[in-house]
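Please read the structure below before turning to the comments.
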Amino acid sequence: MSEAPQSPWQTAKITRIEKRTARVASFFFALSRPFAYRAGQHVDVRLTAPDGYQARRTYSIASAPESGATIELAIEKFDDGEVSPFFHDIAAVGDEIELRGPLGGHFVWSDGDGGPLLLVGGGSGVVPLMAMVRHRTLRKSAVPVALMFSVRVWDEVIFRDELIGLGDRRDGFELVLTLTREAVRRPSAYSRRIDTAMVMQALTRLPRPPALAFVCGSNAFVSAAARALIDAGISAEIIRTERYGV
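Encoded structure:
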């Protein structure tokens, strides 16, 4: 699916809110005009104040394309933000907002694209990768996937129980967790930033070298993680990146 920058704005109603971590919550939206999308795509969200001032932000879709007319956005709260505080402090089930999409045609994956896949996420950068993992699960795909997920502390692991449960299924999905500011909580986890050695160890969990690698997170995280992948022998040509913030 190609990018659709001229997608029309539509209303979407909040049907459910689920707390993920202290600063991340999932908001589930029923779309007035449902659209097909690929795992990894995003939407623009627009809020309009009573005086007409508008604020827009882009959020990756966390749900799999198989989710139908409802999409999930996992939104991290930034205290100085214009949009995220509204969702965390004001928005309630039944409220309507405006959004448009789907957007983005490069950072996407479908099970028909094959694999193996190496997914690397930092903090809320895991969101579009989660859409890929869920898509794989719902399609009952046999494509091998390793997800390297870096957060500061255990309580900041977004989708923690779901990811651990998927990893325990032993169906070709491998979860590699690393905490940068806390001791490990799982035997297979790490307690440092993602580096070349960690990437090389993660690659041993795949039956063969990855056909595609996706890296998402802050600018600094993506730069460091992509360098670690390249130093581990992964070709830059198969690495796709998505950055946010500073």
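Under my numbering, the residues of the sequence shown are numbered 48 to 293, in order.
C-beta: ideal position from N, C-alpha, C; glycine also.
Counted within 10 angstroms of its Cβ, other Cβ atoms place residue i as buried (16 or more) or exposed
| i | result |
| --- | --- |
| Ala-96 | exposed |
| Gly-151 | buried |
| Glu-119 | buried |
| Gly-161 | exposed |
| Tyr-100 | exposed |
| Glu-289 | buried |
| Ala-283 | exposed |
| Gly-168 | buried |
Range of the contiguous alpha helix (DSSP H) that encloses residue i
| i | result |
| --- | --- |
| Leu-276 | 266–278 |
| Asp-218 | First-last for Asp-218: undefined, no H or E at that position. |
| Val-182 | The question names Val, yet the displayed sequence has His at residue 182. Segment 174–185, the alpha helix (DSSP H) holding His-182. |
| Asp-91 | No alpha helix (DSSP H) contains Asp-91, which is instead part of the beta strand (DSSP E) from 89–95. |
| Ser-235 | Unbroken run through Ser-235: none, as it is neither H nor E. |
| Leu-250 | 243–250 |
| Asp-158 | Unbroken run through Asp-158: none, as it is neither H nor E. |
| Asp-142 | Premise fails: Asp-142 is in no alpha helix (DSSP H) and is neither H nor E. |
| Phe-206 | First-last for Phe-206: undefined, no H or E at that position. |
| Pro-132 | 131–136 |
Residues of its chain near residue i, where Cβ-Cβ distance is below 8 Å and the 5 sequence neighbours each way are ignored
| i | result |
| --- | --- |
| His-115 | Note on residue identity: the sequence assigns Gly, not His, to residue 115. Within the same chain, Gly-115 has close Cβ partners Pro-81. |
| Trp-156 | Arg-85, Ala-86, Gly-87, Leu-164, Met-179, His-182, Leu-259 and Phe-261 |
| Gln-57 | Leu-78, Ser-79, Arg-80, Glu-145, Leu-146 and Arg-147 |
| Arg-186 | Glu-113 and Asp-158 |
| Ile-64 | Ala-72, Ser-73, Phe-74, Phe-75, Ala-138, Ala-139 and Val-140 |
Own chain, CB closer than 6 Å to residue i, minus 5 neighbours either side, in chain order
| i | result |
| --- | --- |
| Leu-210 | Leu-222 |
| Ile-285 | Leu-259 and Ala-260 |
| Ala-236 | Leu-224 |
Residue i in three-state terms, based on DSSP
| i | result |
| --- | --- |
| Arg-103 | strand |
| Phe-74 | strand |
| Ala-260 | strand |
| Pro-149 | strand |
| Ala-283 | helix |
| Arg-80 | coil |
| Leu-253 | coil |
| Gly-170 | helix |
Inter-residue spacing [alpha-carbon to alpha-carbon] between residue i and residue j
| i | j | result |
| --- | --- | --- |
| Arg-255 | Glu-129 | 44 Å |
| Val-180 | Met-247 | 21 Å |
| Ile-277 | Phe-134 | 38 Å |
| Glu-203 | Gly-264 | 14 Å |
| Ala-249 | Arg-274 | 15 Å |
| Thr-68 | His-89 | 21 Å |
| Leu-224 | Asp-127 | 29 Å |
| Asp-208 | Trp-201 | 11 Å |
| Ala-121 | Ala-244 | 30 Å |
| Thr-105 | Asn-266 | 16 Å |
| Arg-232 | Ser-54 | 44 Å |
| Asp-242 | Ala-272 | 7 Å |
| Asp-218 | Ala-189 | 7 Å |
| Val-198 | Val-173 | 10 Å |
| Asp-215 | Met-195 | 15 Å |
| Gly-212 | Met-177 | 13 Å |
| Pro-257 | Arg-287 | 12 Å |
| Arg-240 | Val-192 | 20 Å |
| Glu-229 | Ser-238 | 7 Å |
Beta-carbon contacts of residue i that lie in its chain and below 7 Å, excluding the five residues immediately before and after
| i | result |
| --- | --- |
| Leu-123 | Reading the sequence as shown, one finds Glu at residue 123 and not Leu. Excluding residues within five positions, the ones whose Cβ falls inside 7 Å are Arg-70, Val-71, Ser-131 and Ser-171. |
Element boundaries [beta strand (DSSP E), containing residue i]
| i | result |
| --- | --- |
| Leu-194 | 192–198 |
| Thr-68 | That residue, Thr-68, is in no beta strand (DSSP E); it is neither H nor E in DSSP. |
| Ile-118 | 117–123 |
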